[in-house]
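First comes the structure, then the notes that go with it.
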Amino acid sequence: IAGITQAPTSQILAAGRRMTLRCTQDMRHNAMYWYRQDLGLGLRLIHYSNTAGTTGKGEVPDGYSVSRANTDDFPLTLASAVPSQTSVYFCASSDSPRDEQFFGPGTRLTVL
Amino acid sequence: RKEVEQDPGPFNVPEGATVAFNCTYSNSASQSFFWYRQDCRKEPKLLMSVYSSGNEDGRFTAQLNRASQYISLLIRDSKLSDSATYLCVVNRSLTGGGNKLTFGTGTQLKVEL
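Written out as structure tokens, the structure reads:
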């Protein structure tokens with residue numbers, strides 16, 4: 002692995018289903034982030050983690066949860082998906098919260 | 597008012613042209629600034645950080661004006677491969693700790709033959 006990987010690449014999901022988007026980085030970055038990107042709205046922060054074992058809410062956290070059990074992994078869970086969660090989801094990491102962020106390739110999620 | 601504002605474009609320019617993008621930010625406590633590039637259906641990638649004294653990286657020049665809360669990106673001798681969306685990004689500290697990175701919605705550039 003080099004950088005950040007995300008899985009799956011894309012997914013079509015029925016409303017009401019539970020879904021976990023995976024994110025793994027091998028850069029030993031302390032901070033990790035989840036964003037969603039929607040047309041005309043740009044990137045919006047869902048949740049973040051400044052270091053392993055801690056998480057925080059971003060701009061649009063409702064309907065999403067995260068965990069940070071170790072440095073490398075930062076999964077995002079949709080407990081009960083709704084159509085408004087149709088979006089492209091990007092995971093990112095940075096060495097510290099002040100530094101530039103590096104992004105994964107994204108997960109394209111469609112909720113029907 | 598949005599925290600970071602950019603002209604969405606698109607800017608359609610001929611190959612070889614010079615093009616400039618502007619970005620304004622509303623929070624004077626903002627501390628660090630970046631330009632990212634995003635190709636269609638791809639992830640954003642860091643193009644360059646923006647320093648107070650201005651900085652240059654090849655054909656790209658970034659400027660910061662803290663008094664006017666304004667950031668710019670100049671691209672000289674545009675190439676077809678420069679066609680992308682350019683995101684202005686502003687980072688500031690939060691009361692109580694942590695940082696917030698705010699992305700503009702992006703300016704679309706199309707370089708044509």
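Just so you know, the protein sequences line up as chains A and C, in that order.
The numbering of the first sequence is the working numbering, which starts it at 2 and goes up by one.
The numbering of the second sequence is the working numbering, which starts it at 597 and goes up by one.
The beta-carbon is built from N, C-alpha and C at its ideal position, and this holds for glycine as well.
Query, Result
"Could you please tell me which residues of the stretch 689-709 of chain C, in chain order, have their CB closer than 7 Å to any CB of chain A?", "G694, N695, L697, F699, G700, T701, G702"
"Give a yes or no on whether 9 Å exceeds the smallest Cβ distance from A:P106 to chain C.", "yes"
"Among C:L669, C:L705, C:Q634, C:N623, which residue has its Cα nearest to the Cα of C:Y647?", "C:L669"
"Identify, in the order they occur along the chain, each residue of the same chain with its Cβ nearer than 8 Å to the Cβ of A:L113, setting aside the five sequence neighbours on each side.", "I13, L14, A15, A16, P84"
"Under three-state DSSP, which class holds C:Q634?", "strand"
"C:E639 touches chain A at which residues, Cβ-Cβ below 8 Å?", "F91, F104, G105, P106, G107"
"What residues from chain A crowd round C:S645, counting only those whose CB sits closer than 7 Å?", "E101"
"Apart from the five residues just before and just after C:F699, which ones in its own chain have a Cβ nearer than 6 Å to its Cβ?", "L683, V685"
"In the DSSP assignment, find the beta strand (DSSP E) that holds A:A3 and state where it starts and stops.", "First-last for A:A3: undefined, no H or E at that position."
"Rank C:E708, C:T701, C:L676 by C-alpha distance to the C-alpha of C:P604 and give the top, closest one.", "C:T701"
"Taking A:A82 as the reference, give the member of A:D63, A:T10, A:R45, A:H48 with the closest Cα.", "A:D63"
"Does any C-beta atom of chain A lie closer than 9 Å to the C-beta of C:S628?", "yes"
"My output table needs one value for A:D73: the three-state DSSP class, helix, strand or coil.", "coil"
"So which residues of chain A does C:N687 contact, with C-beta pairs closer than 7 Å?", "R99"
"Report the residues of the stretch 648-678 of chain C with a CB closer than 8 Å to any CB of chain A, ordered along the chain.", "none"
"If we ignore side chains and look at the alpha-carbon of each, how far apart do C:F607 and C:L705 end up?", "5 Å"
"Just to make sure I have the definition right: I need the residues of chain C whose C-beta is within less than 9 Å of the C-beta of A:G41. Which are they?", "P604, T701"
"Starting from A:H48, follow its DSSP beta bridges and name the residues at the other end.", "A:W35, A:K58"
"Using a Cβ-Cβ distance under 9 Å, would A:Y34 count as near chain C?", "yes"
"To the nearest angstrom, how far is it from the Cα of A:S50 to the Cα of C:G612?", "43 Å"
"Taking CB distances under 9 Å as the criterion, tell me whether A:L46 reaches chain C.", "yes"
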